[in-house]
Structure formats: structure tokens, C-alpha cells
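Numbering follows this note's numbering, in which position 173 of the sequence shown is assigned residue number 174; successive positions increment by one, without gaps.
The beta-carbon is built from N, C-alpha and C at its ideal position, and this holds for glycine as well.
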Amino acid sequence: MKPLLALTLDLDDTLWPIWPAIARAEAVLHAWLAERAPATAARHDVASLRLLRDEVARERPQWAHDLTAIRLESLRLALTQCGDDPALADDAFAVFFAERQRVDLFDDVLPALDRLASRYQLIALSNGNADLQQVGLARWFRAAVSARSFGVGKPDARIFLEACRQAGAAPGQVLHIGDDLALDVQGALAAGLQAAWVVRPQVHPTPGEAPPGTHHVVRDLAELADRIGV
Numbered sequence: 002m003k004p005l006l007a008l009t010l011d012l013d014d015t016l017w018p019i020w021p022a023i024a025r026a027e028a029v030l031h032a033w034l035a036e037r038a039p040a041t042a043a044r045h046d047v048a049s050l051r052l053l054r055d056e057v058a059r060e061r062p063q064w065a066h067d068l069t070a071i072r073l074e075s076l077r078l079a080l081t082q083c084g085d086d087p088a089l090a091d092d093a094f095a096v097f098f099a100e101r102q103r104v105d106l107f108d109d110v111l112p113a114l115d116r117l118a119s120r121y122q123l124i125a126l127s128n129g130n131a132d133l134q135q136v137g138l139a140r141w142f143r144a145a146v147s148a149r150s151f152g153v154g155k156p157d158a159r160i161f162l163e164a165c166r167q168a169g170a171a172p173g174q175v176l177h178i179g180d181d182l183a184l185d186v187q188g189a190l191a192a193g194l195q196a197a198w199v200v201r202p203q204v205h206p207t208p209g210e211a212p213p214g215t216h217h218v219v220r221d222l223a224e225l226a227d228r229i230g231v
């Protein structure tokens, strides 16, 4: 392996469990709709709003990299179908988005970020729409590259190479760290980066096999910090 100069980190399910945050945000959103758009709240519960969001995602594959656009459109569609003001979609999404940033970090994350950032530049690399400033982790990261801002998401090699560019390092000198076997591990390896698969039992109770060439397979970021000697 070439000497490391930088680390890129996935966010959702790598630094925090995503589905509890999404579930809370969807519940807060539905409560807001019950007050501001009662016809929509009466017709749609949390589950059916999620199904509508998934339907929009299937019908708009060109938005696959933009989870914000998908949820906004699904809210506009729900409001319109139910006779409520579709202009409320922006405020509804703002309520959802603010709550989505209230994440519960895995216990190892803050100590591990201190260790990793003491030696390497850290670049966030995510297909999601978390905001590091709102989450409270921005001080550890030199930059953040999101699928929404860049225009394509993982596993496309271009977004990995953009993260390397922002780190000022060649792909072979960057280690990407993530939980998703296809998006993170296989995507990083295909783009020429080193790859670390974080296999948390909470996220991957029955993990598969890491692809050939995977540099590290770890249970958490503390174990990774140990492995790379920081």
C-alpha cells in the first residue's frame, strides 16, 4: 500500500445509525403536517409518505444523487393530491431536515475522529444530505463532498476522485472508510483508492465477504485507528 495522506469518510451508518434519525424526522414532519396541512396528514401516515417518496425516487432516476429533491417533490405531490397548499413543501422539508440532523453518534466516533484527524486530512464523502455543521462534526473535516452538491453519487468514480482532489492527494494515497459494501468499498477500490469496510454489528448483523483488495475490515473506527497506527 502507498503511504496514506488523507481519509475520506462516509457518514450515515458509518458515524451514526441513519434509520433512527430518519424515523424521528418523519414523525416530526407528520406532526407538523397535522397542524399545517391536515388533509395531507389525514390521508398519509408516516409509512405512506415514505412510500410516496420511494415512488418519486423510482420515477425520477435522474435525481438519484439528490435525496433533498426527491423528498421535496414527494411532499409537493402529497400536498397537491390532498388539496393542501403545495407551497408548504419547503417549510415541511425544513422541519424534516432540521430533525434529520439530530443524530446519535456511535460511541467510538468522537475519540476516533480525534485520533484520525491528528495525522490525516479528513474529507466527508456521502450520498446523504447530512450537514456536518448542524450535526456538530465540521471541525474534524477539511471538506465535505456530497452527491447532491457534486451531481453524482457513490459508487461513481468521479465523486471519489473529487474528494481526492480536495484532499490534494492521489487516489492511491487516500483511504475511503464506509459501511456499504457496494457504494463504499467496491466504489473506492474501482476508483483507485484504498478501502476500509466498517462492519458494525448494529448495521451489518450478517455481513457478506469483503471483495478482494479490501485493505481493512473493522468493527468500528477505534479498531481502524489502531490498524493504521494513530
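Exercise for review: Could you name the residues of the same chain whose beta carbon sits closer than 6 Å to that of Q122, not counting the 5 residues immediately before and after it, in chain order?
Suggested key: Numbered from its first residue, the sequence shown carries residue 122 at position 121. These residues qualify, in order along the chain: A7, R143, A168.
Check your understanding: For P156 versus A183, is the C-beta spacing smaller than 8 Å?
Key -> Working through the sequence shown from its first residue, we reach residue 156 at position 155. Working through the sequence shown from its first residue, we reach residue 183 at position 182. Contact: yes.
**Study point:** Residue interval of the alpha helix (DSSP H) (run including T69)
**Key:** Your numbering for residue 69 matches position 68 in the sequence shown. 68-82 is the extent of the alpha helix (DSSP H) around T69.
Practice item. Using alpha carbons as the reference points, say which of N130, D227, D109 lies closest to R232. Key: Residue 232 falls outside the range modelled here, since the chain spans only 2 to 231, and no answer is possible.
**Study point:** Option in S127, I124, I23, G152 with minimal Cα separation from F94
**Key:** Taking the first residue of the sequence shown as position 1, residue 94 is located at position 93. Looking at the Cα atoms, I23 is the closest of the given residues.
Review point. Between the beta-carbon of A164 and the beta-carbon of V146, is there less than 8 Å?
Key: The count along the sequence shown starts at 1 and reaches residue 164 at position 163. The count along the sequence shown starts at 1 and reaches residue 146 at position 145. Contact flag set, yes.
Practice item. Mind checking which residues open and close the alpha helix (DSSP H) that includes L123? Key: Reading the sequence shown from its first residue, position 122 is the one you call residue 123. Element bounds for L123: not the alpha helix (DSSP H) but the beta strand (DSSP E), 122-127.
**Study point:** Unbroken stretches of the beta strand (DSSP E), 3 residues or longer, contained in the segment 172-215
**Key:** Counting whole runs of 3 or more residues, the segment 172-215 contains the beta strand (DSSP E) stretches 175-179, 195-199.
**Study point:** C-alpha gap between L162 and A192, whole angstroms
**Key:** Counted from its first residue, the sequence shown places residue 162 at position 161. Counted from its first residue, the sequence shown places residue 192 at position 191. Roughly 7 Å separates the two Cα atoms.
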